[in-house]
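Chains as they are written, first to last, in UniProt numbering: chain A, 1 to 296; chain B, 1 to 257; chain C, 1 to 313.
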Amino acid sequence: MRAKIMDRAATIILTLIAVLIIGTLLGLLGFILTQGWHKLNLDFLTSPPDIVKAGGGIGPQLFNSLYLLVLTMLIALPLGLGAGIYMAEYAPDNKFTQFIRMSIEVLSSLPSIVVGLFGLLVFVNMTGWGYTLFSGALALTVFNLPLLVRVTEDAIRNVPRSQKEASLALGITKWRTIVSVILPAALPGILTGTILASGRVFGEAAALLFTAGMSSPDLDFSQFSLSGPTSPLNPFRPAETLAVHIWKVNSEGLAPDARDVADGAAAVLIIAVLLFNLSARWFGAWIYKKMTSGAN
Amino acid sequence: MSVKTLEKTIIRTRDVSVYYGEKRAVSNIRMDIDRNSVTAFIGPSGCGKSTLLRSMNRMNDLVPSCRVTGSIEVDGTDINSADVNIEGLRQVIGMVFQRANPFFKSIYENIAFAPRFHGLTDKRKLDEVVEESLRKAALWDEVKDRLRESALSLSGGQQQRLCIARAIAMQPTILLLDEPASALDPISTMKIEELVMSLKEEYTIVIVTHNLHQAARISDKTAFFLMGELIEYNDTSTLFTTPENEKTEAYISGRFG
Amino acid sequence: MTHRTDTPSQSGIARKMLTSNKRQWTENVTGRVIATVCAALLIIVVLSITYFIASKGLSTFFVNGISITEFLSQVKWDPEGEPAVYGVFPFILGSFLVTTLAALIAAPLGIGAAIFMIELYPNFGKKVLKPVIELLVGIPSVVYGYVGLTLLVPFIREQFDVLGFSLLAGGLVLALMILPTITSVAADAISAVPQDLRNASLALGATRWQTIWNVVLHSSLPGCLTAIVLGMARAFGEALAVQMVIGNTTKLPGSLLDPISTLTSGITLNMGNTIQGTPYNNALWSMALLLLLMSFVFIMILRIIGRKGRVNK
Numbered sequence: 001m002r003a004k005i006m007d008r009a010a011t012i013i014l015t016l017i018a019v020l021i022i023g024t025l026l027g028l029l030g031f032i033l034t035q036g037w038h039k040l041n042l043d044f045l046t047s048p049p050d051i052v053k054a055g056g057g058i059g060p061q062l063f064n065s066l067y068l069l070v071l072t073m074l075i076a077l078p079l080g081l082g083a084g085i086y087m088a089e090y091a092p093d094n095k096f097t098q099f100i101r102m103s104i105e106v107l108s109s110l111p112s113i114v115v116g117l118f119g120l121l122v123f124v125n126m127t128g129w130g131y132t133l134f135s136g137a138l139a140l141t142v143f144n145l146p147l148l149v150r151v152t153e154d155a156i157r158n159v160p161r162s163q164k165e166a167s168l169a170l171g172i173t174k175w176r177t178i179v180s181v182i183l184p185a186a187l188p189g190i191l192t193g194t195i196l197a198s199g200r201v202f203g204e205a206a207a208l209l210f211t212a213g214m215s216s217p218d219l220d221f222s223q224f225s226l227s228g229p230t231s232p233l234n235p236f237r238p239a240e241t242l243a244v245h246i247w248k249v250n251s252e253g254l255a256p257d258a259r260d261v262a263d264g265a266a267a268v269l270i271i272a273v274l275l276f277n278l279s280a281r282w283f284g285a286w287i288y289k290k291m292t293s294g295a296n
Numbered sequence: 001m002s003v004k005t006l007e008k009t010i011i012r013t014r015d016v017s018v019y020y021g022e023k024r025a026v027s028n029i030r031m032d033i034d035r036n037s038v039t040a041f042i043g044p045s046g047c048g049k050s051t052l053l054r055s056m057n058r059m060n061d062l063v064p065s066c067r068v069t070g071s072i073e074v075d076g077t078d079i080n081s082a083d084v085n086i087e088g089l090r091q092v093i094g095m096v097f098q099r100a101n102p103f104f105k106s107i108y109e110n111i112a113f114a115p116r117f118h119g120l121t122d123k124r125k126l127d128e129v130v131e132e133s134l135r136k137a138a139l140w141d142e143v144k145d146r147l148r149e150s151a152l153s154l155s156g157g158q159q160q161r162l163c164i165a166r167a168i169a170m171q172p173t174i175l176l177l178d179e180p181a182s183a184l185d186p187i188s189t190m191k192i193e194e195l196v197m198s199l200k201e202e203y204t205i206v207i208v209t210h211n212l213h214q215a216a217r218i219s220d221k222t223a224f225f226l227m228g229e230l231i232e233y234n235d236t237s238t239l240f241t242t243p244e245n246e247k248t249e250a251y252i253s254g255r256f257g
Numbered sequence: 001m002t003h004r005t006d007t008p009s010q011s012g013i014a015r016k017m018l019t020s021n022k023r024q025w026t027e028n029v030t031g032r033v034i035a036t037v038c039a040a041l042l043i044i045v046v047l048s049i050t051y052f053i054a055s056k057g058l059s060t061f062f063v064n065g066i067s068i069t070e071f072l073s074q075v076k077w078d079p080e081g082e083p084a085v086y087g088v089f090p091f092i093l094g095s096f097l098v099t100t101l102a103a104l105i106a107a108p109l110g111i112g113a114a115i116f117m118i119e120l121y122p123n124f125g126k127k128v129l130k131p132v133i134e135l136l137v138g139i140p141s142v143v144y145g146y147v148g149l150t151l152l153v154p155f156i157r158e159q160f161d162v163l164g165f166s167l168l169a170g171g172l173v174l175a176l177m178i179l180p181t182i183t184s185v186a187a188d189a190i191s192a193v194p195q196d197l198r199n200a201s202l203a204l205g206a207t208r209w210q211t212i213w214n215v216v217l218h219s220s221l222p223g224c225l226t227a228i229v230l231g232m233a234r235a236f237g238e239a240l241a242v243q244m245v246i247g248n249t250t251k252l253p254g255s256l257l258d259p260i261s262t263l264t265s266g267i268t269l270n271m272g273n274t275i276q277g278t279p280y281n282n283a284l285w286s287m288a289l290l291l292l293l294m295s296f297v298f299i300m301i302l303r304i305i306g307r308k309g310r311v312n313k
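Given below as structure tokens:
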């Protein structure tokens with residue numbers, strides 16, 4: 001009898017835990033979105049921030065976040081693909097491979113602030129660039145590489161072995177087999193993982209404080225050179241991203257509506273992250289279906 | 001250059017053994033396989049017939065622990081010698097697997113992929129190769145209007161014929177078929193069998209099969225394997241009617257296997 | 001060339017087999033080299049992170065001549081005083097306290113949620129709870145910090161009539177952040193328990209809960225420990241969310257409601273305001289080195305648990 005009661009009690013408690021977690025997520029999202037809802041207008045999304053007066057927006061920060069994401073992925077994706085291919089297709093069972101595995105493990109458990117500090121030493125000070133978008137992108141590459149390598153490796157390992165055999169049996173070289181047969185078949189997995197990694201890049205702040213910096217020059221959006229000091233596209237300029245902005249406004253905001261700005265910025269960030277997450281979900285499913293069925 | 005008449009034997013194996021780690025899967029195989037004929041490998045599961053087949057185009061290279069000793073000569077060239085280019089070898093010897101494994105690409109791309117890789121880039125010529133290969137594989141009429149569709153939209157039997165067409169497109173000399181019909185329904189199986197018989201005009205075919213009736217129907221010669229050894233190798237009609245070895249007789253009469 | 005007397009057909013086959021394709025060969029080798037270089041880059045990155053952080057972090061002791069034991073055990077942090085005192089014990093203590101608190105809260109919840117979603121209602125778990133957990137992982141840490149700052153800190157302030165910025169706030173925010181990690185890793189471990197074990201227990205007349213408690217949790221223990229340690233590693237290294245809600249004083253806390261500092265918050269707040277090469281700045285790098293070493297320690301613990309888990313199976 002006692003056992004029966006225990007069983008019931010445990011079921012109830014575990015159910016309560018599940019409800020609590022779901023409730024927390026809904027509460028979080030609800031809170032952030034209701035707090036920031038009134039700020040979600042075009043003016044807030046496009047105008048520059050104001051340090052001391054009310055009415056500032058997050059335009060440059062939003063742009064910086066997106067641009068940094070693109071830069072990071074341009075660097076990190078090829079490296080992640082290459083290393084993932086190595087781990088899935090070439091890595092022999094030896095010390096070198098073990099060492100790489102351990103490196104991946106270490107990198108993925110490094111606190112992002114430590115990655116940021118490493119970036120400060122190497123990509124900011126040693127290179128002499130100062131705080132730049134590019135330094136930030138390199139730090140975020142270090143931060144995301146282990147995830148991308150793992151995603152690629154898993155996706156490649158999930159490709160049926162028969163695909164590889166079919167290609168090799170046709171006298172196709174191993175490298176071309178990887179590039180033309182295995183990678184396309186692994187694409188859904190890689191894409192899903194990449195989008196999730198993008199979400200992480202978009203929301204990351206600690207690794208950027210001391211690499212991309214905590215301020216932006218007054219961007220001149222009519223200028224599109226890669227080198228002008230106020231050109232938005234110049235990768236060698238400092239850039240405060242949306243996530244960094246939220247942190248800064250919350251900890252040292254001076255403008256009277258700092259709290260308001262933080263509300264709006266948090267809502268924008270959370271919406272962006274939700275979009276990344278949901279699109280990873282359906283995009284992966286969609287492309288997989290497209291590749292494996294007759295729909296064309 | 002002296003011109004000899006074509007030798008009858010195209011594949012010649014001498015003392016071929018295949019090991020997986022310490023375990024010997026195939027022992028001292030000695031056999032000659034005739035040009036432009038169908039040779040069937042039969043025997044119970046695990047008898048080494050597929051392993052031997054896969055060492056003929058060096059697919060066993062994919063298994064790190066696998067080691068092949070002895071010599072396998074194709075037209076007088078030892079395929080395991082250092083100066084053999086494995087991509088070239090596999091162009092000469094095509095292979096079709098137990099389960100149909102079309103690429104996750106369109107029907108057209110499945111066929112055109114390898115010829116293009118091997119240097120055929122002319123669009124018109126590629127189209128020709130695709131059509132010819134599909135015709136030879138008796139698939140053209142069924143797919144000619146949907147070449148751009150995914151190969152995975154085909155039925156299992158069609159997929160397997162597509163894989164045969166894909167191998168033919170390489171213009172190989174030899175085709176290795178590893179139980180090509182074992183996963184198919186009877187009608188698809190029949191189509192594959194008809195196809196194999198029509199293809200032997202042009203190709204040397206080695207087929208591994210579980211199905212004794214299939215071996216009897218389509219092959220010219222049959223090799224019976226048991227526990228990694230070649231027990232008997234003879235004309236198919238002889239082997240099935242008057243086997244020399246009692247184990248062969250026991251197997252073909254259904255007493256084990 | 002080999003001197004073979006080939007028939008036309010023979011030469012065709014032999015030519016295909018024996019001529020090597022230079023272009024293919026080059027492509028194959030290039031591909032292999034590129035992949036290997038990318039993989040080797042991972043090692044280079046890890047080694048250089050270790051090297052650079054260590055060389056900066058050690059200069060506090062070897063260049064500025066501060067004693068390591070004092071650095072670690074002094075409870076006073078006054079880098080701008082006369083004389084300057086660099087005692088990072090409050091930061092270390094804060095990091096450990098807040099991590100432990102977070103683990104104490106999140107471990108039962110996370111493992112409970114994992115049991116719920118694997119053992120009790122797998123369908124609901126897969127369709128609802130798992131996506132919810134994945135969404136929680138995706139929320140950026142500054143957003144957690146922001147919510148903690150705007151919701152949790154005022155709440156604690158009103159309830160307990162204190163400042164609000166506190167160890168408790170930090171622990172709660174971190175617990176929420178590591179909950180998804182613990183849940184998903186523990187869920188993997190639990191679902192790896194063979195069904196036969198459950199059936200055997202149920203067949204002996206055990207209730208579902210007895211089966212879960214005695215059989216499932218017992219055999220997935222290493223996995224659940226891994227989950228908790230992974231969560232703690234994440235909590236220990238988290239910077240901004242924590243820094244936003246803990247108040248950042250270097251006084252030792254007397255209760256859960258007192259403000260604290262952590263290694264990460266100390267670095268975050270001061271790294272930008274100190275001058276490169278000064279003892280103050282170097283001391284911050286030493287704190288970073290401590291963080292790095294701690295993440296090595298966590299990895300070692302994970303490896304030991306992993307090895308034990310394998311031996312038991």
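The beta-carbon is built from N, C-alpha and C at its ideal position, and this holds for glycine as well.
Distance, residue j Cα to residue i Cα
i        : j        : result
C:Thr5   : B:Val84  : In this predicted model, C:Thr5 has a pLDDT of only 42, less than 50, meaning its place in the structure is not dependable enough to derive any value.
C:Trp285 : C:Gly164 : 29 Å
B:Ser155 : B:Ala137 : 15 Å
A:Asn296 : B:Asp122 : Bear in mind that a pLDDT of 37 at A:Asn296, under 50, signals an unreliable position, so the model cannot answer this.
C:Ile246 : A:Met1   : 47 Å
C:Pro259 : C:Thr249 : 6 Å
A:Ala91  : C:Leu176 : 38 Å
A:Ser47  : A:Met214 : 18 Å
B:Arg148 : B:Glu131 : 13 Å
B:Asp34  : B:Lys8   : 6 Å
C:Leu129 : A:Thr211 : 36 Å
A:Phe96  : A:Leu196 : 29 Å
C:Gly309 : A:Ile178 : 35 Å
Simplified DSSP state of residue i, which is helix, strand or coil
i        : result
B:Glu232 : strand
B:Met31  : strand
B:Ser198 : helix
B:Glu73  : strand
A:Val114 : helix
A:Val122 : helix
B:Arg24  : strand
Residue from the options with nearest C-alpha to residue i
i        : options                                   : result
B:Ser106 : B:Val74, B:Glu73 and B:Val143             : B:Val143
A:Ile190 : A:Ile287, A:Ile271, A:Val122 and A:Val114 : A:Ile287
A:Asp218 : A:Pro60, A:Val268 and A:Phe236            : A:Pro60
C:Gly223 : C:Arg208, C:Ile275 and C:Val185           : C:Val185
C:Ile111 : C:Ser220, C:Gly277 and C:Met287           : C:Ser220
A:Leu33  : C:Tyr86, C:Ile66 and C:Tyr146             : C:Tyr146
Sub-8 Å separation of residue i and residue j beta-carbons
i        : j        : result
C:Asn28  : A:Thr173 : yes
B:Ile174 : B:Val38  : no
B:Leu89  : B:Asn57  : yes
B:Glu232 : B:Glu246 : no
A:Phe31  : C:Leu135 : no
A:Ala265 : A:Ile58  : yes
B:Thr204 : B:Ala40  : no
C:Ala102 : C:Ile156 : no
B:Val92  : C:Met17  : yes
A:Glu105 : C:Pro140 : no
Close Cβ partners of residue i (< 6 Å) along its chain, the five nearest in sequence each way excluded
i                      : result
residue 303 of chain B : Summary: the structure shown does not reach residue 303 of chain B, with chain B confined to residues 1 through 257, and so no result is reported for it.
Sequence-distant residues of the same chain with beta carbon closer than 8 Å to residue i, five excluded per side
i        : result
C:Leu149 : Met244 and Val245
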